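J.:
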Amino acid sequence: MSVSVVIGVFNGEGLITRCVESVMAQTLQPSEIIIVNDGSSDGSLAELRLLESRFPDMLDIRSQKNKGVAAVLNSAVARCSGEYVANADQDDFFTADRLEKSVALLQETNADMMGGQLVGGLGERLLLLKSRFATDPESIADAIAHGFDPLPHATMMVRRDGFERFGGYRLNRRAEDLEIMLRWAHRGAKIVVSPDVLAYYTLRREHVSLNVQTRWMLYTQYARDVACLPDDEVPDFGRWFSTQPMGPARREARRRVFRMSARLALGTLTRSSMPSD
Numbered sequence: 006m007s008v009s010v011v012i013g014v015f016n017g018e019g020l021i022t023r024c025v026e027s028v029m030a031q032t033l034q035p036s037e038i039i040i041v042n043d044g045s046s047d048g049s050l051a052e053l054r055l056l057e058s059r060f061p062d063m064l065d066i067r068s069q070k071n072k073g074v075a076a077v078l079n080s081a082v083a084r085c086s087g088e089y090v091a092n093a094d095q096d097d098f099f100t101a102d103r104l105e106k107s108v109a110l111l112q113e114t115n116a117d118m119m120g121g122q123l124v125g126g127l128g129e130r131l132l133l134l135k136s137r138f139a140t141d142p143e144s145i146a147d148a149i150a151h152g153f154d155p156l157p158h159a160t161m162m163v164r165r166d167g168f169e170r171f172g173g174y175r176l177n178r179r180a181e182d183l184e185i186m187l188r189w190a191h192r193g194a195k196i197v198v199s200p201d202v203l204a205y206y207t208l209r210r211e212h213v214s215l216n217v218q219t220r221w222m223l224y225t226q227y228a229r230d231v232a233c234l235p236d237d238e239v240p241d242f243g244r245w246f247s248t249q250p251m252g253p254a255r256r257e258a259r260r261r262v263f264r265m266s267a268r269l270a271l272g273t274l275t276r277s278s279m280p281s282d
């Protein structure tokens, strides 16, 4: 049994070190950490080289011209040798037992894809927000049927051979995380979700804005529409977007911004330091 961790980096200076350190601190050590630097223009590459000098036997770092998240993840997965593949974004960091719990759940359930709960927040002393993804099979199936994320991408682990059976990330698309989850489900993958928090992420303030949320609503609808299509029938986002009314996405974005702002104002997000592990 072996686990590969894949990390895409684009202008992740000041974030990627914490991410890699959390992977190296796992109770179940990964067999490798595959990192693709996607044409960063900040100090990310220098930071990665320092990490490489600290963990020379573990890190596999490659750089490429900027091609986007899907291309980065496909490139990283193609170099993986582990039986299991865990995803991490540059602004994520793992709970100490994330890999151990993830492998155990995949083995126990014989699932193809799994995830867990996610906590995010703002700043150095973060306002913590815990996700509430369903864990029972009926609710997971219902979420997928309605085109919703069954699990947070930042907590996802899959069996590596699933990429051969169900396909990799689709290039030049939007909401590639939601799309791959829905597509795998449509093609017969078994998906399970843990009730445990498995990762943390940094929520940027610009996320709580109408324009960003409107864009995310459009990307989400696009992913829902194309996930069940054969690869050769998927329209590019620009062509799909030209046929879409903006009203529904704008209305849902307003509701999301209101809910996020209200939870901040009402203190649903509790101020706290991030856990050291």
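Under the working numbering, think of the first position of the sequence shown as 6, with each following residue one higher. For every residue, glycine included, the Cβ atom is placed at its ideal position computed from N, Cα and C. Small disclaimer: the values here were computed from a predicted structure and weren't measured.
(1) Excluding five sequence neighbours on each side, which residues of the same chain lie with their C-beta closer than 7 Å to the C-beta of residue 168?
(2) Would you tell me roughly how many angstroms separate the C-alpha atoms of residue 110 and residue 8, rounded to the nearest one?
(3) Using three-state DSSP, classify residue 30 as helix, strand or coil.
(4) Near residue 162, which residues of its chain fall below 6 Å by C-beta distance, leaving aside the five closest residues on each side in sequence?
(5) Buried or exposed for residue 182, please, with buried defined as at least 16 other CB atoms from any protein chain shown within 10 angstroms of its CB.
(6) Determine the contact status of residue 199 and residue 140, defining contact as a CB-CB distance below 8 Å.
(7) Do you know offhand how far residue 35's Cα is from residue 114's?
(8) Between the C-alpha atoms of residue 188 and residue 171, what's the straight-line distance to the nearest angstrom?
(9) Which residue marks the beginning of the beta strand (DSSP E) containing residue 67, and which one marks its end?
(10) Taking only runs of the alpha helix (DSSP H) that begin and end inside the stretch 124-207, which ones reach a length of at least 4 residues, in chain order?
(11) Using 10 angstroms around the beta-carbon of residue 4, count the other beta-carbons present and answer buried if the total reaches 16, otherwise exposed.
(12) With DSSP as the reference, please indicate the residues paired to residue 37 in a beta bridge.
T.: According to the structure shown:
(1) Your numbering for residue 168 matches position 163 in the sequence shown. Sequence-distant partners of residue 168 (beyond 5 residues in either direction) whose C-beta falls short of 7 Å from its own C-beta, in its chain, are 82.
(2) What you label residue 110 is simply residue 105 of the sequence shown in a count that begins at 1. What you label residue 8 is simply residue 3 of the sequence shown in a count that begins at 1. In a straight line, the C-alpha of residue 110 is about 14 Å away from that of residue 8.
(3) For the purposes of this step, residue 30 is taken as the residue at position 25 of the sequence shown. Here residue 30 sits in coil by DSSP.
(4) The sequence position of residue 162 within the sequence shown is 157, counting from 1. Around residue 162, the same chain offers 89, 91, 107 and 119 as residues with beta carbons nearer than 6 Å, after the five sequence neighbours per side are excluded.
(5) As a first step, residue 182 must be located in the sequence shown, where it is residue number 177. Counting Cβ neighbours within 10 Å, residue 182 comes out buried, since at least 16 surround it.
(6) In the sequence shown, the residue the question calls residue 199 occupies position 194. In the sequence shown, the residue the question calls residue 140 occupies position 135. Against a cut-off of 8 Å, the Cβ pair of residue 140 and residue 199 comes out as a contact.
(7) The residue you call residue 35 lines up with position 30 of the sequence shown. The residue you call residue 114 lines up with position 109 of the sequence shown. Rounded to the nearest angstrom, the two C-alpha atoms are 21 Å apart.
(8) The count along the sequence shown starts at 1 and reaches residue 188 at position 183. The count along the sequence shown starts at 1 and reaches residue 171 at position 166. Approximately 8 Å, taken between the alpha carbons.
(9) Here residue 67 refers to the residue found at position 62 when the sequence shown is read from its first residue. Taken as a continuous stretch (DSSP letters only), the beta strand (DSSP E) holding residue 67 covers 64-69.
(10) Secondary structure within the stretch 124-207: the alpha helix (DSSP H) runs of 4 or more consecutive residues, fully enclosed, are 142-150, 167-171 and 181-191 (chain order).
(11) Residue 4 lies beyond the residue range present for the chain, which begins at 6 and ends at 282; the question has no answer from this structure.
(12) Along the sequence shown, read from residue 1 onward, the residue named residue 37 stands at position 32. As computed with DSSP, residue 37 is found in a beta bridge with 9.
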